[in-house]
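My numbering runs 21 ahead of the 1-based position in the sequence shown. Backbone N, C-alpha and C fix where the C-beta goes; we use that ideal spot for every residue, glycine too. Everything numeric in this text was worked out from a predicted model, so none of it was measured. Contents: one structure, followed by commentary.
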Amino acid sequence: ALQFYLEKMAKELLKRIYKKYKIKNFYFSGGVAMNVKMFKELGNLKFVDLISVPPSGADESLSIGACYYLGRNNSTWPIKNIYIGKNLLLNNKKINYQTLYKLFPRKKFKILNNFTHKNLAHLLAKNEIIAVARGREEFGARALGNRSIITNPSNFDAVKSINESIKNRDFWMPFALTILKEKHQKYIENKKNFICDFMTMTFETKNNNQKKIKAGCHPYDNTVRPQILEKEFNPMYHSIIKKFNALTNIPALLNTSLNLHGYPLASSLERVTYTFKNSDLKFLYINDKFLIKKK
Numbered sequence: 022a023l024q025f026y027l028e029k030m031a032k033e034l035l036k037r038i039y040k041k042y043k044i045k046n047f048y049f050s051g052g053v054a055m056n057v058k059m060f061k062e063l064g065n066l067k068f069v070d071l072i073s074v075p076p077s078g079a080d081e082s083l084s085i086g087a088c089y090y091l092g093r094n095n096s097t098w099p100i101k102n103i104y105i106g107k108n109l110l111l112n113n114k115k116i117n118y119q120t121l122y123k124l125f126p127r128k129k130f131k132i133l134n135n136f137t138h139k140n141l142a143h144l145l146a147k148n149e150i151i152a153v154a155r156g157r158e159e160f161g162a163r164a165l166g167n168r169s170i171i172t173n174p175s176n177f178d179a180v181k182s183i184n185e186s187i188k189n190r191d192f193w194m195p196f197a198l199t200i201l202k203e204k205h206q207k208y209i210e211n212k213k214n215f216i217c218d219f220m221t222m223t224f225e226t227k228n229n230n231q232k233k234i235k236a237g238c239h240p241y242d243n244t245v246r247p248q249i250l251e252k253e254f255n256p257m258y259h260s261i262i263k264k265f266n267a268l269t270n271i272p273a274l275l276n277t278s279l280n281l282h283g284y285p286l287a288s289s290l291e292r293v294t295y296t297f298k299n300s301d302l303k304f305l306y307i308n309d310k311f312l313i314k315k316k
């Protein structure tokens, strides 16, 4: 009832704004901007041309606004992506093969060096579930490929595996999807070409390709909350999905946050290590180079 009421009020507000000011482009912030389902209804309004939703619309984003305010008399420019969190370093030094074995002893773990995106895609094509930690952490409410758990979105059994043995979540909690922008129109109803870099909007899926992304859809209505990924936004993550698509003809991956249920996103290497060791995850891919496998 609350969801229905929110959608009704938001649609009425946009209709009044359009009637008075003829505005067709709408930018959102605040906590209500995290209601992904609402935006599907707002996007269906005929007069709406653009909806822009931030990666996080609550108080934590004030820091970015403060930077723009303080720099208003000098040159400022939009940030190109939101990978502006903590870097994946060990004691402020780059990660290498030797230092990883201090965290992952040889008796329990195997570390493969120079493990490529193509190698990773082969594991994903075999329905393996893989933790990915790379570069700087995402800012905002969603995991967007740098602190993620990824797998084949056509394998619905992965939902149960991740919920029960990795993240210890309730069975009904849905997952999300990362899909290549250049291929997404074949899978997702996005007639107005809304930009969705941050998993902040919900869309209908197309029946003919639904099975290929089933695990990344909501189990009740087959809607999807995607990260529609442009290459420029995260070239390395884009490369992983492109290699997976070459093997499976599926230009998407199931993507959920790298954390245990009730814990925040695994930001530092230490937290990534803790999450990997305290879950049933079998593979951890670090900085597009090292694959750590439990024995």
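- prompt: What's the gap between the Cα of A54 and the Cα of L111?
  reply: 35 angstroms
message: Spatial neighbours of D70 within its chain, please: C-beta separation below 8 angstroms, excluding the five flanking residues on both sides.
response: Cβ contact annotation for D70 (same chain, cutoff 8 angstroms, sequence separation greater than five): K45, N46, K213, in chain order.
- prompt: Residues in its own chain within less than 8 angstroms of R157 by CB, not counting five upstream and five downstream?
  reply: Y104, I105, G106, K107, N108, L109, N167
- prompt: Cα separation between N56 and I216?
  reply: 16 angstroms
- prompt: From Q231 to E81, what does the alpha carbon distance come to, in whole angstroms?
  reply: Whole-angstrom Cα-Cα distance: 36 angstroms.
query: What residue from N176, N270, A267, L145 has the CA that sits closest to A236's CA?
result: N176
query: Is it true that the CB of P256 sits closer than 7 angstroms to the CB of K204?
result: no
- request: With a cut-off of 8 angstroms on the beta carbons, I'd call K58 and Q24 a contact; round off their distance for me.
  value: About 6 angstroms; that satisfies the 8 angstroms criterion.
task: Use the C-beta contact count for S96: other C-beta atoms within 10 angstroms, 16 or more gives buried, fewer gives exposed.
output: Exposed, by the Cβ-count rule.
- request: For C238, name the three-state secondary structure that DSSP assigns.
  value: The answer is strand: DSSP assigns C238 an E or B state.
task: Have a look at D218, F219, Y241 and flag the residue whose alpha-carbon is nearest the alpha-carbon of E225.
output: Y241
query: Which first and last residues belong to the beta strand (DSSP E) in which N46 is found?
result: Its beta strand (DSSP E) spans residues 46-48.
Buried/exposed call for D178, threshold 16 Cβ in 10 Å: exposed
message: Quick check on this structure: which residue in L145, D309, I150 has the alpha carbon closest to the alpha carbon of K115?
response: D309
field: 8 angstroms Cβ shell around L27 - same chain, five flanking residues per side excluded
entry: Here the set comprises V53, N56, M59.
- prompt: Among residues of its own chain, excluding the 5 on either side of L124, which ones have a beta-carbon nearer than 7 angstroms to its beta-carbon?
  reply: T294
query: Using DSSP with H/G/I as helix, E/B as strand and the rest coil, what is I187?
result: DSSP places I187 in helix when its eight states are reduced to three.
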